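To keep things clear, I will list the structure first and then write my remarks on it.
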Amino acid sequence: MAKGRELVGRIKTTENTRKITRTMEMVATSKLKRSSDRVAAARPYAQALGDVISSLFNAELAERFPLLRQPVVERRAAVLLVTANRGLCGGFNANLIKEARLTLAYLEEKGVQVDLHVVGRKGIGYFRYVGRDLASTRTDIGDVPTAADASALVDGLMADFIAGTIDAVYVVHSKFNSVLSIPPHTDRVLPVAAPTRAGAGRDYLLYPSADAILTELLPSYVRNAVYRALVETAAAEQAARRTAMKSATDNAGEMLNLLRRTYNRARQANITQEIAEIVGGAAALQG
Amino acid sequence: MLKVSVVSPEATLYQGDATSVVAPAFDGEVGILPSHAPMITVLGHGILRVNGDTPARFTVSGGFVQVVDDVVRVVTEKATAV
């Protein structure tokens with residue numbers, strides 16, 4: 000029963016694989032819960048910042064702030080790509096890399112010189128492989144990005160933008176609309192597109208002045224945009240991994256059913272054959 | 000009563016009612032009582048005190064306070080409960 004033994008081996012490996020993928024699914028589920036809580040926790044801050052900036056913002060102030068400067072032509076831009084450090088999460092990293100490549104192609108077609116900054120081993124690995132120079136790389140931002148990580152990433156770019164050496168900063172990240180909707184997305188964080196909301200016409204007492212408040216808040220707004228990108232990507236990674244591992248577990252189960260059925264059929268055929276042989280042998284002896 | 004919230008990028012650190020708030024503004028402390036006029040002010044470094052049934056203190060650095068209709072929002076990048 001050579002075929003039977005081979006099947007037993009395959010059944011065992013499939014069972015082991017299913018155990019691993021199921022465990023990974025459960026780990027991703029619990030991490031996803033915590034990461035999506037962090038996405039929700041980041042919302043009030045962004046909301047408050049957006050409210051205040053929109054209530055202070057007007058077109059005449061805009062011209063005085065370097066972060067709001069709208070360059071006539073983009074000559075040099077920075078693209079910050081956020082990917083995961085680990086794989087086994089379906090098309091998650093591939094989708095982000097594809098989005099980044101589209102953004103790069105679009106910018107370069109317009110004649111913009113692009114510096115590429117990459118977070119996460121997967122993105123770094125890909126762009127090293129295709130032989131692209133990376134302006135900076137980071138792999139130490141894990142499942143729990145902090146506001147400090149975000150400012151470390153973007154503060155240098157903000158200084159370059161103010162100095163005029165770059166004209167725009169784009170962030171390629173994954174949105175986290177829900178567990179099942181995690182589309183890759185490109186945001187332009189610089190120059191700042193000030194949020195405008197209707198009904199922002201309260202007369203506030205402003206200390207020390209609208210100028211000073213905006214000077215303080217605009218960099219926070221940019222840092223927060225990057226922080227949100229990091230947090231949402233971290234949550235989206237776990238969501239993608241959970242979905243991928245769930246389907247891997249399901250597929251392993253289906254394969255196990257098929258293998259067990261084949262094994263049992265082979266076993267039964269074997270027994271039937273043996274009985275036939277014994278009966279045949281006995282009949283021959285009697286005759 | 001004032002409705003107070005203290006938010007940082009990572010979390011909402013405080014949410015609740017208070018009788019008064021003392022915040023470390025850029026040029027010295029600013030006290031906020033109910034019926035305060037709408038105000039936005041930049042924060043410096045120092046201790047933020049929320050007084051009321053559930054008093055709380057935070058060290059804050061940078062950010063701003065927004066007061067409107069007895070709703071006080073303290074928005075800061077760096078805040079830790081004391």
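So the sequences go chain by chain: X and E. At position 181 of the first sequence (counting the first as 1) the number is 180 in numbering that gives the first Met the number 0, and the numbers step up by one without a gap. At position 13 of the second sequence (counting the first as 1) the number is 12 in numbering that gives the first Met the number 0, and the numbers step up by one without a gap. Quick reminder that beta carbons are idealized off the backbone N, C-alpha and C, glycines included. Predicted model only: the values in this text are computed from it and were never measured.
{"Check": "Can you grab the Cα-Cα spacing for the pair isoleucine 145/E / leucine 229/X, in whole Å?", "Outcome": "Examination of residue 145/E is not possible in this model, given that chain E is present from 0 through 81 alone."}
{"Check": "For my contact list, arginine 222/X and alanine 149/X are in at a C-beta cut-off of 8 angstroms; report their separation, rounded to the angstrom.", "Outcome": "5 angstroms"}
{"Check": "I'd like the span of the alpha helix (DSSP H) that includes phenylalanine 91/X, first residue to last.", "Outcome": "91-108"}
{"Check": "When the Cα atoms are used, what is the spatial distance from arginine 33/X to tyrosine 226/X?", "Outcome": "16 angstroms"}
{"Check": "In terms of DSSP beta bridges, what is tyrosine 262/X paired with?", "Outcome": "The partner list for tyrosine 262/X (beta bridge, DSSP) is empty, contrary to what the question assumes."}
{"Check": "Would the segment 179-186 of chain X and the segment 46-58 of chain E be scored as touching if the rule is three or more Cβ pairs under 8 angstroms?", "Outcome": "no"}
{"Check": "As an exercise, report each continuous alpha helix (DSSP H) stretch of at least 4 residues that is fully enclosed by the segment 130-163 of chain X, in chain order.", "Outcome": "146-162"}
{"Check": "Tell me, to the nearest whole angstrom, how far the beta carbon of valine 73/E is from that of valine 59/E; I am working on the premise that it is less than 8 angstroms.", "Outcome": "7 angstroms"}
{"Check": "Does DSSP classify valine 71/E as helix, strand or coil?", "Outcome": "strand"}
{"Check": "Hey, would you say alanine 47/X sits closer than 9 angstroms to phenylalanine 25/E, going by beta carbons?", "Outcome": "no"}
{"Check": "Taking phenylalanine 64/X as the reference, give the member of Met244/X, Asn250/X, Leu189/X with the closest Cα.", "Outcome": "Leu189/X"}
{"Check": "Tell me which same chain residues have a C-beta within less than 7 angstroms of the C-beta of isoleucine 140/X, skipping the five on either side of it?", "Outcome": "Val118, Asp148, Leu229"}
{"Check": "From alanine 40/X to glutamate 76/E, what distance separates their C-alpha atoms?", "Outcome": "14 angstroms"}
{"Check": "Start and end of the alpha helix (DSSP H) containing lysine 121/X?", "Outcome": "120-128"}
{"Check": "Please determine, among Tyr125/X, Ile123/X, Cys88/X, Lys109/X, the residue with the shortest C-alpha to C-alpha distance to methionine 23/X.", "Outcome": "Cys88/X"}
{"Check": "What is the residue span of the beta strand (DSSP E) that leucine 204/X lies within?", "Outcome": "204-206"}
{"Check": "For the 8 angstroms Cβ check, are there 3 or more pairs between the segment 49-69 of chain X and the segment 153-170 of chain X?", "Outcome": "yes"}
{"Check": "Apply the 10 Å Cβ neighbour rule to tyrosine 128/X and answer buried if 16 or more other Cβ atoms are within range, or exposed otherwise.", "Outcome": "exposed"}
{"Check": "For a test of your reading of the model: does the CB of alanine 61/X fall under 8 angstroms from any non-hydrogen atom of the ligand PLP? Yes or no.", "Outcome": "This structure does not include the ligand PLP; it has no bound ligands of any sort."}
{"Check": "Residues of chain X with a CB under 7 angstroms from the CB of threonine 11/E: which are they?", "Outcome": "Ala40, Pro43"}
{"Check": "Is asparagine 94/X closer than 9 angstroms to glycine 86/X when the C-beta atoms are compared?", "Outcome": "no"}
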